Structure formats: C-alpha cells, structure tokens
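*Asks:* Before I ask anything, let me first share the structure, which is written out below as structure tokens.
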Amino acid sequence: MVLQLWPWRTLWAGDERHGPGKQQVRDRQEGDLQERKFMNTQSQWAKDKDGSTGWMAARTQAVAKLGRRPFVYGALVTFSVLYYYRPEDFVPGLSYIPMARIAGVIGAVALAFGMMSGGRAKVPQVVKILWLLLLQMALCVPLALWPGGAFSRVFDNYAKGVIVAMLISMAVVTTWELRKLLWIQVSAVALVTVASILLDHFRDGRLQGIQKSILQNPNDLAINIAISFPIGLAFMLHARGFRKVLWGIALVFMALGVVLTYSRSGLLALILSLAICVWEYGIKGKRRSIVVVTVVALVIGLGAALSTAHYRARVESIFLGNIEGSGDKGSLDARKALLKKSILIAVKHPLVGVGPGCFLLVDQGWVVAHNSYTELAAEAGFPALFLFLWAVGASLKNIAQARKSTHYKEDSEFRLFTQALWAGILAYLAGACFASTEYTLYPYFMMAYTCAMVRISNQPLTDPVQGGEQRRLNRAIYDRIPQPQLISGR
C-alpha cells in the first residue's frame with residue numbers, strides 16, 4: 022500500500038530525484054505573487070509627479086552611492102565647522118594658516134568628488150538660481166570699478182555659498198544629517214554670544230563677538246542670533262532632561278545678546294522671529310507654556326531694557342531719527358543717504374552695476390550700503406537682485422512643500438526644524454534690509470537647508486539608508502520574501 026502511494030506523494034510534495042512537486046510549485050508561485058505585490062506597493066509608495074521609479078529603485082541607487090556620501094557629507098561638516106567656529110581665532114598659530122581658503126578647497130573637492138561619483142541627482146531650483154546669480158556676478162567683474170576686488174568678492178566669498186548649497190542638496194538625505202548641520206550653526210552662535218557676554222567684550226558700549234568675521238560686528242552678531250534663535254528653540258523643544266536646560270540657558274543669553282548689541286536691525290529681526298515662533302510652536306503647536314514664557318520674558322526683558330534712558334533712546338531713534346542720548350551719531354541719517362545713493366547707482370547701472378564689492382568705492386565713500394537688496398542691485402545690476410529674491414522665494418516655496426508632507430505631520434523633529442527655518446528666513450529678510458549680507462554664507466546655508474527638507478520629505482518615513490540597524494532590518498525583511506528560483510524538471 023505504501024509503495025502504491027509513494028508516486029502520488031512524490032507528485033504532490035516532490036523530491037530531489039523527481040524534481041518539484043505540485044505543492045512546491047504552488048508555494049513558489051505564491052511567493053512570486055507576494056514579491057510582485059510587495060514591489061508594486063513600494064513603487065506606488067514613493068511615486069511622485071516627477072515620474073520616479075519607486076522606493077525600491079531609489080533604495081538601490083542610495084545604497085550604490087553610500088560609498089561616496091560619507092566623504093561628501095564629512096567635507097560639508099568640516100566646511101561648516103571651519104566657517105562658523107573659526108578655530109584660527111582661538112587656537113594660537115592657526116591664524117597664520119589660510120583656513121578660509123582651505124575651507125573653500127575642501128568644499129570644491131567634495132563637490133567635484135560627488136559629481137564624478139556617478140548617479141544622476143536632480144539639482145534643486147534654489148541651487149540652479151544661485152548658479153545663475155554666480156554667472157551674473159562673473160559677467161559684472163570685467164566692467165567693475167575695481168576688477169580685481171570684484172573677482173575676489175565673487176569667487177572668494179559668494180562662490181563658496183553656491184558650493185555649500187550644492188553640497189547640502191547632494192549630501193543631506195536624512196533628518197539626522199540635517200540636524201548635525203543645524204546644530205553646528207546654532208551652537209557656534211550661542212557659544213560666541215555667551216562667551217562675549219561673560220568676557221565683557223564691549224566696544225563703544227556695544228557687545229561685539231569675540232570671534233572675527235561674521236560674528237564680530239554687533240549688527241551682524243544680532244542678525245545671526247535672530248536667525249539662529251528659532252533653530253535653538255527647536256532643539257530645546259525636542260531635547261529632554263539636562264540638555265533642555267542647557268538650550269534654555271543658551272536662548273536666554275542669545276536674547277540678551279541682541280539687547281546688548283544695541284542693534285536696531287537685530288532687535289526688529291528678533292521680534293519678528295519670536296512672533297513666528299510663538300505662532301508656530303505655541304499657538305499652532307498647542308504649547309501654551311511657550312506663549313506664557315515668551316510674553317513674560319518680553320515684558321520683563323523689554324521693561325528692564327527700556328527702563329534705561331540710553332536703550333530707550335536707541336529704540337526711539339528707529340522712528341524719530343538721531344535724538345539725544347541714542348548714541349546714533351547720525352548713523353540713521355547716514356544710512357538713509359546710503360539707501361538713496363545705492364538706489365541711484367542701481368538706476369544708472371541697471372544691468373551690471375558698478376561691480377561686486379565696489380559700492381564703497383563710489384565717491385570714495387568707503388562705506389557699504391547697509392541694505393543687501395539695494396547694494397546687490399547697485400553692484401551687480403537688477404538681474405542679480407531679481408535672482409536673489411527668486412532664490413529666497415523658492416526657499417519659502419520649499420518650506421511650504423515640506424509642510425504638506427507626511428514627515429511634517431508625523432515626525433515631530435522634522436516639523437520643528439521646518440518651522441524654525443521658516444522663522445529664520447523671514448527674520449533674515451527683515452535683517453537684510455539693514456545690513457550687507459549678500460556675500461556672506463549663512464543666508465545660502467539657510468536656503469540650502471530648505472532643499473534638504475524637501476528631499477527628506479520625499480522619502481518614506483522609514484529611511485532605508487539612515488543607519489546600520491535600519492539597513493539590517495530591511496535586509497531581514499527582504500530575506501523573508503520568497504525568491505523566484507529556477508525549476509528543473511526531469
């Protein structure tokens with residue numbers, strides 16, 4: 022009886038001698054069907070309006086590029102540290118080393134390495150506009166009042182901003198990577214502010230940064246604080262325990278730093294930044310404690326500041342001009358004259374201006390325009406101003422797009438950073454009306470961060486390349502899917 026049933030068992034279950042049985046064929050067909058369903062699901066999961074081939078294809082491309090990304094991202098982090106922390110200002114001997122040029126070389130090498138490593142990466146609109154702005158500035162160099170100075174201003178200063186924006190758009194693909202870059206920026210601004218206050222680093226009664234370059238001038242320091250304050254607040258809200266306390270202390274020092282700089286432009290930018298933070302984090306985010314603490318801090322802080330005759334006169338001079346006790350020394354009237362002068366020069370030279378960095382040479386005034394928009398138009402023409410404003414508008418559009426993503430709705434940290442960049446860019450737009458910032462890098466860092474936010478938001482919440490543990494988990498999931506095999510019959 023057993024011998025009679027044996028062929029039927031073989032036909033159903035199969036063995037090594039007779040090949041696969043019906044049950045094995047059915048199991049394999051079911052496995053093939055499950056795999057096809059899984060692949061189709063993943064493809065539909067990440068399909069977008071640009072016609073991307075799906076999450077599985079994106080995963081394959083991402084894993085293939087893992088070999089180059091650590092170098093590019095590491096170079097980007099190194100560049101950011103050198104730019105914001107400026108170790109040559111504090112470490113003896115480093116001042117003799119051209120750290121700025123080294124940072125530029127690092128960025129250029131990383132950009133070249135990333136572009137030659139294969140793979141097609143879509144260049145964000147913001148980065149394309151910044152490249153066009155670089156081209157416009159380069160065209161202005163031969164016709165500048167001082168071609169050598171214009172060349173240096175374009176390729177030693179502004180070009181680094183384009184490289185940074187390109188690197189961020191290429192290398193930053195996870196929230197963790199974006200968080201590290203944001204931390205470098207806000208921690209540097211916070212440390213410089215705290216150290217400047219504790220070391221009593223004042224000049225002519227105004228707080229100056231102990232660091233040189235972008236954080237030394239009181240007005241530049243105040244604007245950087247206003248831009249970085251929302252990011253620091255986002256870190257505080259996401260932190261726990263002792264780190265939350267540290268961030269809270271840093272934010273108090275940063276707000277105090279703006280007051281001690283006596284910067285009217287910085288104060289206006291900070292007020293705008295705080296208003297947006299209260300709305301985004303407090304009212305929309307339903308964090309009543311933020312609203313209460315902000316209102317109490319503003320009442321106490323402004324009350325204490327305005328109780329001093331000098332600071333009250335300083336604030337009143339925003340609207341009343343040079344009044345007694347403000348310490349204005351005619352700067353408000355002088356800035357009005359510079360504003361008119363920059364507009365007049367822009368009208369006389371509408372296409373190429375007088376050359377990047379050459380506004381201070383006009384009439385040998387040796388003073389910048391203290392307005393990023395009119396100075397850019399005067400030095401590089403109205404096309405440059407249009408491109409700059411277009412890049413800022415595209416950055417705000419990126420934030421609006423990120424707000425509509427699943428990440429924004431379900432990832433609290435991503436939502437905090439999106440709101441912080443929104444507040445920071447608007448604060449910059451206000452501060453740029455009173456400072457010359459078009460050749461510094463921090464506005465282009467902010468614009469590039471928005472490109473990274475969009476790229477992150479277009480990925481599934483479970484990022485397949487964000488870490489070793491997640492990659493091992495994904496590998497285990499794939500291994501459990503029945504794989505198609507060749508079936509050989511007799």
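Note that the sequence shown ends on residue 511 in the working numbering; no numbers are left out. By construction, the Cβ of each residue, glycine as well, lies at the ideal position given by its N, Cα and C atoms. Quantities reported herein were computed from a predicted structural model and do not represent experimental measurements.
1. Can you tell me whether DSSP reads Leu166 as helix, strand or coil?
2. I'd like the span of the alpha helix (DSSP H) that includes Arg174, first residue to last.
3. Measure the beta-carbon distance from Leu151 to Tyr465 and round it to whole angstroms, keeping in mind my assumption that it falls under 8 Å.
4. Short of 6 Å in beta carbon distance, which residues of its chain neighbour Ser478, apart from the five on each side in sequence? Order them along the chain.
5. Using 8 Å as the threshold, is the C-beta distance between Glu396 and Cys379 below it?
6. Within 10 angstroms of its Cβ, does Ile321 collect 16 or more other Cβ (buried), or is it exposed?
7. Span of the alpha helix (DSSP H) holding Trp387?
8. On the CB-based measure, 16 or more other CB atoms within 10 Å of its CB, does Ser310 come out buried or exposed?
9. Please report how far the alpha carbon of Cys472 lies from the alpha carbon of Ile123, in whole angstroms.
10. Can you name, in chain order, every residue of its own chain whose Cβ lies under 7 Å from the Cβ of Leu437, other than the five neighbours on each side?
11. Applying the criterion that 16 or more other CB atoms from any shown protein chain within 10 Å of the CB defines a buried residue, is Tyr283 buried or exposed?
12. Spatial neighbours of Ala247 within its chain, please: C-beta separation below 7 Å, excluding the five flanking residues on both sides.
13. So, using beta-carbon positions, are Leu228 and Ile218 closer together than 8 Å?
14. Give a yes or no on contact between the stretch 197-213 and the stretch 173-182, applying the rule of three or more CB pairs nearer than 8 Å.
15. Can you tell me which of the three DSSP states Arg285 falls into?
16. Do you know offhand how far Ser173's Cα is from Gly95's?
17. Which residue spans inside the stretch 209-241 form an unbroken beta strand (DSSP E) run of at least 3?
18. For Leu406, which residues from the same chain have a beta carbon less than 7 Å from its beta carbon, with the 5 sequence-adjacent residues on both sides left out?
19. I'd like to know whether the C-beta atoms of Asn238 and Val210 end up nearer to each other than 8 Å.
20. Determine, using beta carbons only, whether Ala165 and Pro377 come nearer to each other than 8 Å.
21. Please determine, among Met474, Ile205, Phe92 and Gly414, the residue with the shortest C-alpha to C-alpha distance to Ala129.
22. So what does DSSP say about Ala260, is it helix, strand or coil?
23. Can you tell me which of Ala421, Leu353, Tyr470 and Ala390 puts its alpha carbon nearest to the alpha carbon of Ile366?
24. Given this structure, state the Cα-to-Cα distance separating Leu212 from His370, to the nearest angstrom.
*Replies:* On the basis of the supplied data:
1. On the sequence shown, residue 166 is found 145 positions in, with the first residue counted as 1. Looking at Leu166 - three-state DSSP - the assignment turns out to be coil, as it is neither helix nor strand.
2. In the sequence shown, counting from the first residue as 1, residue 174 sits at position 153. Here Arg174 belongs to no alpha helix (DSSP H), and DSSP marks it neither H nor E.
3. Within the sequence shown, numbered from 1, the residue matching residue 151 stands at position 130. Within the sequence shown, numbered from 1, the residue matching residue 465 stands at position 444. Going by Cβ atoms, the distance from Leu151 to Tyr465 rounds to 7 Å, so yes, they are a contact pair.
4. One-based indexing of the sequence shown puts residue 478 at position 457. So the qualifying residues of the chain are Ala423, Ser426 and His428.
5. In the sequence shown, the residue the question calls residue 396 occupies position 375. In the sequence shown, the residue the question calls residue 379 occupies position 358. No, the Cβ-Cβ distance between Glu396 and Cys379 is not below 8 Å.
6. Position 300 of the sequence shown, counted from the start, is the residue given in the question as residue 321. So Ile321 counts as exposed.
7. Along the sequence shown, read from residue 1 onward, the residue named residue 387 stands at position 366. Trp387 -> no alpha helix (DSSP H), and no H or E assigned at all.
8. Counting from 1 along the sequence shown, the entry for residue 310 is found at position 289. When all chains shown are included, Ser310 counts as exposed.
9. Position 451 of the sequence shown, counted from the first residue, corresponds to residue 472. Position 102 of the sequence shown, counted from the first residue, corresponds to residue 123. Cα-Cα distance, rounded: 26 Å.
10. Taking the sequence shown and counting its residues from 1, the one referred to as residue 437 is at position 416. Excluding residues within five positions, the ones whose Cβ falls inside 7 Å are Ala255, Leu258 and His259.
11. Numbered from its first residue, the sequence shown carries residue 283 at position 262. Buried, by the Cβ-count rule.
12. As a working note, residue 247 is residue 226 in the sequence shown. Closer than 7 Å at Cβ, skipping near neighbours: Val279, Gly287, Ala290, Leu291, Ser294, Ala448 and Gly452.
13. As a position in the sequence shown, residue 228 is number 207, starting the count at 1. As a position in the sequence shown, residue 218 is number 197, starting the count at 1. Cβ atoms of Leu228 and Ile218: closer than 8 Å.
14. no
15. One-based indexing of the sequence shown puts residue 285 at position 264. In the structure shown, Arg285 sits in a helix (DSSP, three-state: H, G or I).
16. Sequence index remark: in the sequence shown, residue 173 carries index 152 (1-based). Sequence index remark: in the sequence shown, residue 95 carries index 74 (1-based). Ser173 and Gly95: Cα-Cα distance of roughly 27 Å.
17. none
18. Within the sequence shown, residue 406 is the residue found at index 385, counting from 1. Counting only Cβ-Cβ distances below 7 Å, and skipping sequence neighbours, we find Tyr394, Leu397 and Ala398.
19. Taking the first residue of the sequence shown as position 1, residue 238 is located at position 217. Taking the first residue of the sequence shown as position 1, residue 210 is located at position 189. Taking 8 Å as the Cβ cut-off, Asn238 and Val210 do not qualify as a contacting pair.
20. Indexing the sequence shown from 1 puts residue 165 at position 144. Indexing the sequence shown from 1 puts residue 377 at position 356. Result yes, Cβ atoms of Ala165 and Pro377 sit closer than 8 Å.
21. Sequence index remark: in the sequence shown, residue 129 carries index 108 (1-based). Checking every option, the nearest Cα to that of Ala129 belongs to Phe92.
22. Against the sequence shown, residue 260 aligns to sequence position 239. Here Ala260 sits in coil by DSSP.
23. The residue you call residue 366 lines up with position 345 of the sequence shown. Comparing Cα positions, the closest option is Ala390.
24. In the sequence shown, the residue the question calls residue 212 occupies position 191. In the sequence shown, the residue the question calls residue 370 occupies position 349. Each residue's alpha carbon lies about 42 Å from the other.
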